[in-house]
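Residue numbers (my numbering), protein chains in the order written: chain A, 1 to 302; chain B, 1 to 302.
Beta carbons: idealized from backbone N, C-alpha and C, even for Gly.
The structure presented is a predicted model; accordingly, all values stated were derived computationally and were not measured.
These notes concern the structure reproduced below.
Number of protein chains: 2
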Amino acid sequence: MNTQAAKADWIAVDWGTSNLRAWAMTASGSELWSGASDKGMGSLKPEHFEGALVDVVAPMLGSGPLDVVACGMVGSRQGWIEAPYATVPCPALPSGFARPETQNPLLRVHVIPGIKQLKAPDVMRGEETQIAGFLSVNPGWDGVICLPGTHTKWAEVSAGEIVSFQTAMTGELFALLSGQSVLKHSVAPTGWDDDVFAEAVDDAISKPERLAARLFSLRAEGLLNDMPGHEARARLSGLLVGAELAAAKPYWLGQQVAVIGASTISQIYGTALSKQGVPATIADGPRMTLAGLTAAYKSLKS
Amino acid sequence: MNTQAAKADWIAVDWGTSNLRAWAMTASGSELWSGASDKGMGSLKPEHFEGALVDVVAPMLGSGPLDVVACGMVGSRQGWIEAPYATVPCPALPSGFARPETQNPLLRVHVIPGIKQLKAPDVMRGEETQIAGFLSVNPGWDGVICLPGTHTKWAEVSAGEIVSFQTAMTGELFALLSGQSVLKHSVAPTGWDDDVFAEAVDDAISKPERLAARLFSLRAEGLLNDMPGHEARARLSGLLVGAELAAAKPYWLGQQVAVIGASTISQIYGTALSKQGVPATIADGPRMTLAGLTAAYKSLKS
């Protein structure tokens with residue numbers, strides 16, 4: 001036990017498919033310090049979760065048991081312990097945290113449930129905690145929250161509850177098309193062009209039926225017109241974000257919108273929404289995760 | 001030289017990215033026998049094409065030089081020799097075959113040019129030969145030809161010329177989404193359901209703006225409703241084929257349509273078109289390739 005460890009009142013954990021991140025926290029929700037590893041849910045068997053957690057949080061432990069509040073895929077059926085989905089409409093932080101058994105007596109682990117929607121069928125795990133975080137720092141906020149990423153979520157929030165939500169695989173589609181399809185020969189791994197992006201978003205929103213014909217043209221323009229790779233990259237992103245915005249129009253049209261995510265991707269969505277006449281509040285993803293985990297910890301103590 | 005080889009008047013070659021297939025042919029276009037290898041354009045440097053060809057066609061060679069007529073990616077910039085694109089509108093078999101030098105005096109190789117479209121930018125290599133084959137066995141045919149595959153082509157044909165065309169990456173998207181995205185957990189590698197496919201096609205054609213929201217629901221339905229994997233497979237295919245049909249509507253609506261391809265995929269497209277009130281003629285892909293190569297050989301001799 002070191003002097004810093006003595007200050008930690010609980011431990012916040014964001015445990016996704018690929019990574020695990022933990023923060024030593026004060027009771028009031030201040031971050032003391034953090035640790036991380038690549039031991040995500042996707043690479044662990046149930047019996048290995050406790051060891052993977054201890055590897056990261058050992059320096060945060062003191063002499064007495066600490067609450068560990070975790071969100072994300074750690075609570076999936078393939079995770080440490082299944083934290084069954086709550087069903088919308090429901091609070092972003094539903095009750096009924098799952099409690100895996102631990103060998104280590106210093107850990108009291110609580111896993112936040114994911115949320116499901118029966119019609120149209122959809123699921124989330126982790127984003128509900130970011131939404132709860134946003135609502136904890138913006139009490140009474142009503143509107144639509146967009147959480148861009150590998151699988152972007154659009155959630156309608158009213159009176160502190162998630163009413164409905166919808167997922168688009170935009171980030172995963174971009175990674176597959178730009179990295180593993182024939183388009184990889186035309187799309188640069190980095191670089192950007194704001195105007196090309198905006199034009200592609202407009203095109204995809206106004207003519208969503210043309211999407212299937214637009215993708216291969218990125219390759220043809222590379223071959224025939226030497227389109228620069230960074231422009232192809234911005235256009236591919238614009239086409240996919242535009243297709244997503246077309247599908248999510250019932251969510252954002254005429255609504256108050258907040259975007260929660262990493263800074264670059266949030267700015268991209270914010271810009272695209274702004275061009276559609278929808279000003280969006282941008283909130284930092286990791287901050288909202290920590291605020292949501294803090295809200296969950298406080299609910300344990302109340 | 002064996003007795004069979006003595007009968008071959010020329011050699012037909014379909015040389016794509018992944019494979020090479022060659023046929024010993026009579027002057028009138030009858031197939032004597034064939035050979036194949038996995039030495040596709042994608043795995044060869046320019047100096048290795050001749051050897052890869054000889055490995056397959058050696059048993060077809062006699063004592064005098066033979067014409068070898070080849071189509072496909074062998075004529076791309078990364079192939080044996082670049083056969084520059086002809087520009088639409090143009091005959092499916094434009095003049096100006098490329099002639100790579102060979103060490104072996106028994107080979108006279110002719111590579112068929114691909115075809116390009118400047119606006120909207122698009123390219124094809126190989127499909128033009130199948131279209132030429134279809135037109136050679138259906139002289140005077142006007143209409144729209146669909147060539148489903150990794151990259152499906154839609155070509156408007158009039159008075160023996162390709163007037164315009166459009167590519168959709170439907171086959172490649174299906175392979176990436178079903179094999180490498182999160183949907184692989186829900187989509188079975190085999191199996192099918194005609195009704196589920198037809199419903200998804202209708203859904204995608206009538207509401208193309210919803211596509212981005214439909215894909216992840218395949219995963220959610222697997223998790224929440226135990227949707228069988230073969231149904232998820234048919235629905236994913238239906239959504240992607242439907243998105244393609246939505247984008248290609250200006251091509252097929254009210255037109256005479258022919259589908260050229262492998263039998264399973266051609267039947268799938270034929271069924272989807274039929275449900276849209278468009279009866280389609282189905283033609284066998286390899287047969288049309290051979291007919292097109294034969295037409296090219298005859299043009300050399302005329």
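- Residue ranges of uninterrupted alpha helix (DSSP H) with 4 or more members, entirely inside the region 215-283 of chain B and ordered along the chain, are 229-247, 249-252 and 263-275.
- The continuous stretches of alpha helix (DSSP H) do not include L66/A, which lies in the beta strand (DSSP E) extending over residues L66 to C71.
- Contact between the region 210-228 of chain A and the region 114-123 of chain B is present: 3 or more CB-CB pairs across the two stretches fall below 8 Å.
- For D193/B, not one C-beta of chain A is nearer than 7 Å to its own C-beta.
- Interface residue (Cβ-Cβ distance to chain B less than 7 Å): A243/A is classified as such.
- For Q130/A, the enclosing alpha helix (DSSP H) covers residues E127 to V137.
- Listed as beta-bridge partners of R77/A by DSSP are no residues whatsoever.
- Taking 7 Å as the CB threshold, K119/B stays off the interface with chain A.
- Collapsing the DSSP output to three states places R287/A in a helix.
- Contact annotation: in the region 148-166 of chain B, residues whose CB is within less than 7 Å of a CB in chain A are H151 and Q166.
- Contact of F197/B with chain A is not assigned, every C-beta pair being separated by 7 Å or more.
- A residue is called buried when at least 16 other Cβ atoms come within 10 angstroms of its Cβ; Q103/B does not meet this threshold and is exposed.
- Interface with chain B (7 Å Cβ-Cβ cutoff): L223/A is included.
- Proximity of chain A to E172/B at the Cβ level (cut-off 8 Å) is accounted for by S181 and V182, in chain order.
- Neighbourhood of L215/A in chain B, by CB distance below 7 Å: M169, in chain order.
- The contact set of D122/A on chain B, defined by CB atoms closer than 8 Å, consists of F216, S217 and A220 in chain order.
- Excluding five sequence positions before and after D55/A, the CB atoms of its chain that fall closer than 8 Å to its own CB belong to S37 and K39, given in chain order.
- A distance below 6 Å between beta-carbons, with the five flanking residues on each side excluded, links A70/A to the following residues of its chain, in chain order: V13, W15 and V111.
- Listed as beta-bridge partners of P148/A by DSSP are no residues whatsoever.
- Taking CB atoms only, P208/B has a neighbour in chain A less than 7 Å away.
- Residue-level contact by beta carbon holds for K116/A and chain B, with a gap shorter than 7 Å.
- With respect to A295/B, A132/B sits close: the two C-beta atoms are nearer than 7 Å.
- According to DSSP, residue pairing for S206/B in a beta bridge does not occur.
- At least 7 Å separates the beta-carbon of M288/A from that of F97/A.
- Using a 10 angstroms sphere on the CB of E101/B, the tally of other CB atoms stays under 16, which defines it as exposed.
- When DSSP states are grouped into helix, strand and coil, Q103/B belongs to the coil group.
- Closest in alpha carbon position to L66/B, among A27/B, W10/B, E127/B and S206/B, is W10/B.
- The Cβ-Cβ distance between A52/B and I162/B does not fall below 7 Å.
- Just measuring C-alpha positions, the residue of F174/A, Y251/A, G114/A and T87/A sitting nearest S237/A is F174/A.
- Within the DSSP secondary-structure output, V111/B pairs in a beta bridge with A70/B and A98/B.
- The region 252-266 of chain B and the region 278-293 of chain B touch, with no fewer than 3 CB-CB distances between them shorter than 8 Å.
- For L44/B, there are no neighbours in chain A by C-beta distance under 7 Å, as the nearest C-beta there is about 17 Å away.
- Taken through DSSP and simplified to helix, strand or coil, L176/A comes out as helix.
- Nearest neighbour of A168/B by Cα position, chosen from E209/B, A246/B, V157/B and A258/B, turns out to be A246/B.
- Note on K116/B: 16 or more other CB atoms within 10 angstroms of its CB, so buried under the neighbour-count rule.
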